[in-house]
Amino acid sequence: MNLSQFHPTRRKLIRTLLMGACLSPALMAVLKAGSAAQQEPITQGFQTVDGDVRLNGRPAQVGMVVRPTDVCTTGADGSCVIIIGEHVFLLRENAEVEFEVEHFEEGFDTSRTVTQRIRVAAGALLGGFANTQATIDTPLATIGIRGTGLYVEAHADRDYVCLCYGKAELHPKLKPSLVQHLDTFHHETPRNLFADPLAHGGRVIAPEKMINHQDEELIMLEALVGRIPLFGPEPIKMPS
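Residue numbers for the sequence shown follow our numbering, beginning at 10 and rising by one.
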């Protein structure tokens, strides 16, 4: 893997994953076999913490468990990987993500329960989601998903959404009637959602290319929870 293409915080995170959790025998077996679910219990909470990462305003540490109403933020040099239930998330620099209480399952148990709703107020999140219904909220979009890979970025002037694989319903908040039903195998339908449609020819939503995330990251994240992406255990080369 050529790490030179990545932002410095992403290079550090990927090296951490490659040298640590993702090289454990159980997870390497998942990558090599391309099937069989992981038999060992999934370790909950923060898997990696690099730079300025905070949970509810306090410095985060590997092993901390994320609970209902918790808010995770990252600074300009921050990134982290979090597991909740069978969902796995990578948060990038300058992110703010809330795991909303009312959408955790009743009788919350960190050993088996997954969050059902995530609010991405700022920054970028890459997620591998278990086969349960979940909703991702950004300032400009509501995304309903089930068992997918998803990457989102929230900016002041736009949101970016890439359904990496799987199915989703994408609802633009500025015009809900423009709901889009996405069905992808390998990053075919990225979208921009604009905060000021008039500045973009009246468009609320528009196609975009795949940016700022890689197959290798999805493969490593899914390996942490004993899965492989829909497109398989090996990266697919994108057309130049």
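No residue lacks a Cβ here, since even glycine has one placed at the ideal position from N, Cα and C.
- Separation of the CB atoms of Ala177 and Thr147 is rounded to 13 Å, and the pair is thereby denied contact status at 8 Å.
- Restricted to the segment 165-219, the beta strand (DSSP E) segments that are unbroken, complete and at least 3 residues in length are 167-181, 189-193, 200-203, 214-216, listed in chain order.
- Nearest C-alpha to Asn140 among Gly87, Leu149, Ala150, Arg155: Arg155.
- Between Val74 and Glu105, the C-beta gap is not smaller than 9 Å, which leaves the two residues out of contact.
- By the CB criterion at 9 Å, Thr198 and Leu233 fall outside the cutoff.
- For Asp146, the enclosing beta strand (DSSP E) begins and ends at 142-146.
- In the DSSP assignment, Asp224 falls within the alpha helix (DSSP H) that extends over 224-233.
- The DSSP-derived three-state label of Leu64 is strand.
- Residue burial is scored here from C-beta neighbours: Asp59 has at least 16 other C-beta atoms within 10 angstroms and is therefore classed as buried.
- Beta-bridge annotation (DSSP): Thr82 is paired with Arg63, Glu105.
- Residue environment analysis places Asp205 among the exposed positions, since fewer than 16 neighbouring C-beta atoms fall within 10 angstroms of its C-beta.
- Secondary structure note for Leu135: its beta strand (DSSP E) is the uninterrupted segment 126-137.
- When only Cα atoms are considered, Ala208 and Ala130 end up about 22 Å apart.
- With fewer than 16 other Cβ atoms from the protein chains shown falling within 10 Å of its own Cβ, Leu187 counts as exposed.
- Phe194 is classed as exposed because its beta carbon has fewer than 16 other beta carbons within 10 Å across all chains shown.
- In the structure shown, the three-state DSSP call for Arg155 is strand.
- Under DSSP, Gly54 forms a beta bridge with Ile92.
- Residue pairing for Glu243: DSSP places it in no beta bridge.
- Per DSSP, Leu149 has no beta-bridge partner at all.
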